Amino acid sequence: MAIHFDEASRVFYLHSKGCTYAFGINSLGMPEHIYFGSPVGEDLSFGKYSQTGRSHVAIRTDETGKAYDLSAMPQEFHTPYGGDFHTPSLVLSYANGSRRSDFTYTGFEILEHKPALKGLPALREGQTLAVFFAAKGVKLTLSYTVSEKAAAIARSMKIENLGSTPVRVEKAHSFAFTLPNLAWKAVYLTGASGAETHWQQTSLDRGVFTLDSKRGTTSAAMNPALAVGLPETGENQGQAYGVNLIYSGSWSISADRTSYGSVRVSGGISEFDFSWLLEPGESFQTPEAVLAYSNEGFSGLSRQFHDLYRESLIPRQFVKKPRPVIINNWEGTRFLFTLEKLKGMISRVAGTGIDTFVLDDGWFGKRDDASSGLGDWFVNEKKLGGPLKDLIDFTHGKGMRFGLWFEPEMVNKDSDLYRAHPDWVIRTPEEEPVEAREQLFLDLTREEVRSFIADTVNAVIRSHEIDYVKWDCNRDMTEGYSLALPPHRQKELMHRQVLGVYDLFQRIVEANPNVLFEGCASGGSRYDPAILYYFPQVWISDQTDAPARAKIQYGASLCYPLSSQSCHVTESPNRRAKHLTPFGARADMAHLGATGYELDATKLTDEELSRIPGQVAAYRADEDLVLEGDLYRLEAPVGGSNYFAVCLVSKDKTKGKLTVMRLQENFNEPERKLFPRGLDPQVRYYVPELDRTMAGNSWMHFGICPKFPDGDYETQVYHFRKENT
Ligand code: GLA
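Each residue of the sequence shown is one higher than the one before, starting from 1011 at the first, in my numbering.
Below is the structure:
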């Protein structure tokens, strides 16, 4: 059984594929974290952390007089006061103003099927343990879902006010666990719009290390993910733990290295400007968090996240289905396209294997720049030279499918929607709302706003043959106020807005089950597992320069499968970076995700055009590796490294692919050897690029010295094919 309660020791054992998580109920009735790591037997003891023998500590005693130092105790959630001086994960305040909660255990339930989390995306499957606690009329439920697909568990918490007076939730992190006193280092992803998911590393020393977003969206500045490892942990060896929040609003993850040396890790909705009033009878559900483990380093950890998301999170009908190969007009034309230009682009690439044309921003309302039109989801027939249907028919006539861009959560002041409903935006009563990209957030806490948007967007999709939708969100929240909420509930806005976004996603995705949705938020400002619950892929950055992209894609793969990363070939020199990057190298980088092209196709040279069919065919030949393969990161293009290198291997190990980019050509640079990983040591693989066959073992230990043509940003790709297949 994956979840088991040992009555004698009062220990819960949770066994996922490849990891065990254990905690026990101590004699105070509190849940003590015992273990998280490689699979172990059900013979663990606990309690040794409870009494530290230290002097001058606050002591709580049980009925028998046994003493506990709560600050030292690794708990499954931490409340303030009562002897606990470190970072709390749950803060409730009661009607009399008190903030101390002495929760005690009341029981548990094991559910064979994963219950849905009301209004929130979450893993779709897995046996689930619900453990109950009570204090001051509040019922607390900790939920743990195990996975048969990956070394991971999912955690969330529900708070119910069963009392007769209001309770305020001031902080409610989704999970908490404690790492023992070892020399942990943290890996995390930071950046900015256009430079998302850059890999960072630091040591977890004394103090509180916090990652967060206060922007109301996931944010490009930090991704809701934290990985930790020991000094010896590298990409492909050592123990690694990872946490990732299934959430798209303001969030925080903290690691508190206590005076006992242990590290309290917790994460969930950000405590910044958050509180939630629970009237008697009301409940609050936190988002879900994923905790993953690997003893094969950070790459191994990524494979756990990838497997879990592909098997249990991303919409099933799309996750393993070959993706469309896109031509998107945005980088080619921006807002200023004409019907002739679009038709020219479509015609130019027709028959190359590119199979879907996506019309980006600018097709609706009055929209020739970012200043107007958002919210007016009706076709601008003047700009398109006729009904949208004509362009769609034209696209179909060229043998391609059609996709369309929307940004449903937003409105420009210069729009019919804003003129009709100025009160529908998020704003404070006294101040003018701050504009970002000349647009405002619609107030999605309001049912009538959500219904209006869902109806208008659904009407456009339903009345046309649309196979693909790019759903954008181009700003962060700047106002913590909703005109629709009473003053004492204003700190609920940020989370209520996210719940509104999920409701909108659900209504539109559900109404169009055959449409493939791509998430986007000025690139990767909203790239998190919650988005992947609705949208199988995300435009992860507006930075499309291949060498810059190497950093972004490398970091993004920490948690997110390659199939969830839309990666397009764009023009060179790159629009912003001005790097001159070979056409083949741009394609090689774009083939490490859901691929496409995003440039003015009418300007493709004949030579470039003639190479596209080969590029698309190469992509299709190995698309299964992107959709289902195992990723081994070999070399990060950061910290002075001149290389990006990753290896993809099929689950059955019959094929693999090593992609390497050399960033700069350095005169007389010494040769660089790379060691592929993940191959079957005994199987003989033919590598066509080297016209050579060796055993997997030999390839992995003897390695490959890539030979690059002269010049910067060159790539080499090596394919491994099991002999005689
Ligand atoms: C954002 C997206 C781009 C494009 C524009 C359109 O910046 O990231 O890909 O869709 O919006 O306005």
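For glycine and all other residues, C-beta sits at the position ideal for the given N, C-alpha and C. In this text, all values refer to a predicted model and were calculated from it rather than measured experimentally.
Does DSSP put residue i in a helix, a strand or coil?
{"i": "Asp1393", "result": "With the sequence shown as reference, residue 1393 is identified as Lys, and Asp is not the correct amino acid for it. Helix, per DSSP."}
{"i": "Tyr1723", "result": "coil"}
{"i": "Asn1338", "result": "strand"}
{"i": "Ala1747", "result": "Absent from the model: residue 1747. The displayed extent of the chain is 1011 to 1735, so no value can be given."}
{"i": "Pro1432", "result": "helix"}
{"i": "Asp1403", "result": "helix"}
{"i": "Gly1248", "result": "strand"}
{"i": "Ile1364", "result": "coil"}
{"i": "Phe1593", "result": "helix"}
{"i": "Phe1284", "result": "coil"}
{"i": "Asp1683", "result": "Inspection of the sequence shows that residue 1683 is occupied by Lys rather than by Asp. The answer is coil: DSSP assigns Lys1683 none of H, G, I, E or B."}
{"i": "Arg1672", "result": "strand"}
{"i": "Glu1170", "result": "strand"}
{"i": "Ala1082", "result": "coil"}
{"i": "Lys1480", "result": "strand"}
{"i": "Leu1192", "result": "coil"}
{"i": "Gln1516", "result": "helix"}
{"i": "Ser1065", "result": "coil"}
{"i": "Thr955", "result": "Residue 955 falls outside the range modelled here, since the chain spans only 1011 to 1735, and no answer is possible."}
{"i": "Arg1536", "result": "coil"}
{"i": "Met1420", "result": "strand"}
What residue does the alpha helix (DSSP H) around residue i start on, and which one ends it?
{"i": "Thr1466", "result": "Glu1457 to Arg1472"}
{"i": "Leu1700", "result": "That residue, Leu1700, is in no alpha helix (DSSP H); it is neither H nor E in DSSP."}
{"i": "Trp1709", "result": "Gly1706 to Phe1712"}
{"i": "Ile1541", "result": "Pro1539 to Tyr1544"}
{"i": "His1316", "result": "Gly1307 to Ser1322"}
{"i": "Tyr1629", "result": "Asp1616 to Ala1631"}
{"i": "Val1359", "result": "Leu1349 to Val1359"}
Hey, how far is the Cα of residue i from the Cα of residue j?
{"i": "Phe1219", "j": "Ile1263", "result": "8 angstroms"}
{"i": "Thr1466", "j": "Val1421", "result": "13 angstroms"}
{"i": "Leu1414", "j": "Val1335", "result": "14 angstroms"}
{"i": "Phe1654", "j": "Tyr1564", "result": "8 angstroms"}
{"i": "Leu1673", "j": "Lys1588", "result": "14 angstroms"}
{"i": "Phe1294", "j": "Lys1146", "result": "16 angstroms"}
{"i": "Thr1098", "j": "Leu1080", "result": "At residue 1098 the sequence reads Pro, which differs from the Thr that was named. Looking at the two C-alpha atoms, the distance is approximately 11 angstroms."}
{"i": "Arg1020", "j": "Asp1317", "result": "32 angstroms"}
{"i": "Pro1176", "j": "His1096", "result": "26 angstroms"}
{"i": "Ile1256", "j": "Glu1298", "result": "5 angstroms"}
{"i": "Thr1089", "j": "Pro1523", "result": "43 angstroms"}
{"i": "Leu1236", "j": "Arg1313", "result": "15 angstroms"}
{"i": "Ala1231", "j": "Thr1071", "result": "44 angstroms"}
{"i": "Arg1437", "j": "Asp1370", "result": "28 angstroms"}
{"i": "Leu1349", "j": "Pro1418", "result": "24 angstroms"}
{"i": "Glu1245", "j": "Val1197", "result": "11 angstroms"}
{"i": "Pro1397", "j": "Phe1416", "result": "17 angstroms"}
{"i": "Ala1161", "j": "Phe1527", "result": "28 angstroms"}
Please return the same chain residues whose Cβ sits closer than 7 angstroms to the Cβ of residue i, not counting the five positions on each side in sequence.
{"i": "Leu1503", "result": "Thr1455, Gly1490, Tyr1491, Ser1492 and Leu1495"}
{"i": "Leu1006", "result": "In the structure as shown, the chain starts at 1011 and stops at 1735, and residue 1006 therefore has no counterpart that could be examined."}
{"i": "His1014", "result": "Tyr1023 and Glu1052"}
Starting from residue i and walking both ways along the beta strand (DSSP E), at which residues does that stretch end?
{"i": "Arg1643", "result": "Asp1640 to Glu1645"}
{"i": "Pro1234", "result": "Met1232 to Gly1239"}
{"i": "Leu1199", "result": "Lys1195 to Thr1200"}
{"i": "Val1177", "result": "Val1177 to Leu1189"}
{"i": "Val1329", "result": "Taken as a continuous stretch (DSSP letters only), Val1329 belongs to no beta strand (DSSP E), being part of the alpha helix (DSSP H) at Arg1326 to Val1329."}
{"i": "Ala1032", "result": "Cys1029 to Ile1035"}
{"i": "Lys1149", "result": "Val1148 to Val1156"}
{"i": "Pro1557", "result": "Taken as a continuous stretch (DSSP letters only), Pro1557 belongs to no beta strand (DSSP E), being part of the alpha helix (DSSP H) at Ala1556 to Ala1566."}
{"i": "Arg1411", "result": "Arg1411 to Phe1416"}
{"i": "Ile1120", "result": "Thr1114 to Leu1121"}
{"i": "Val1444", "result": "Element bounds for Val1444: n/a, residue is neither H nor E."}
{"i": "Glu1298", "result": "Glu1298 to Ser1304"}
{"i": "Trp1387", "result": "That residue, Trp1387, is in no beta strand (DSSP E); it is neither H nor E in DSSP."}
Using C-beta distances below 6 angstroms, list every residue in its chain close to residue i, excluding the 5 sequence neighbours before and after it, in chain order.
{"i": "Leu1189", "result": "Val1273"}
{"i": "Val1727", "result": "Asp1598 and Thr1669"}
{"i": "Gly1039", "result": "Thr1114 and Tyr1115"}
{"i": "Arg1643", "result": "Glu1245, Ser1309 and Val1656"}
{"i": "Thr1615", "result": "none"}
Enumerate in chain order the residues of its own chain whose CB-to-CB distance from residue i is below 8 angstroms, with the five nearest sequence positions on each side excluded.
{"i": "Pro1698", "result": "His1729 and Arg1731"}
{"i": "Ala1705", "result": "Pro1691, Gln1692, Val1693, Arg1694 and Tyr1695"}
{"i": "Gly1129", "result": "Gln1295, Leu1509, Tyr1512 and Asp1513"}
{"i": "Asp1283", "result": "Lys1224, Ser1260, Gly1490, Lys1501 and Met1504"}
query: Residues near ligand 1, CB to any non-hydrogen atom under 6 angstroms, in chain order?
result: The answer, residue by residue, is Trp1340, Asp1370, Asp1371, Trp1415, Asp1482, Asn1484, Cys1530, Ser1532, Gly1533, Trp1549 and Asp1552.
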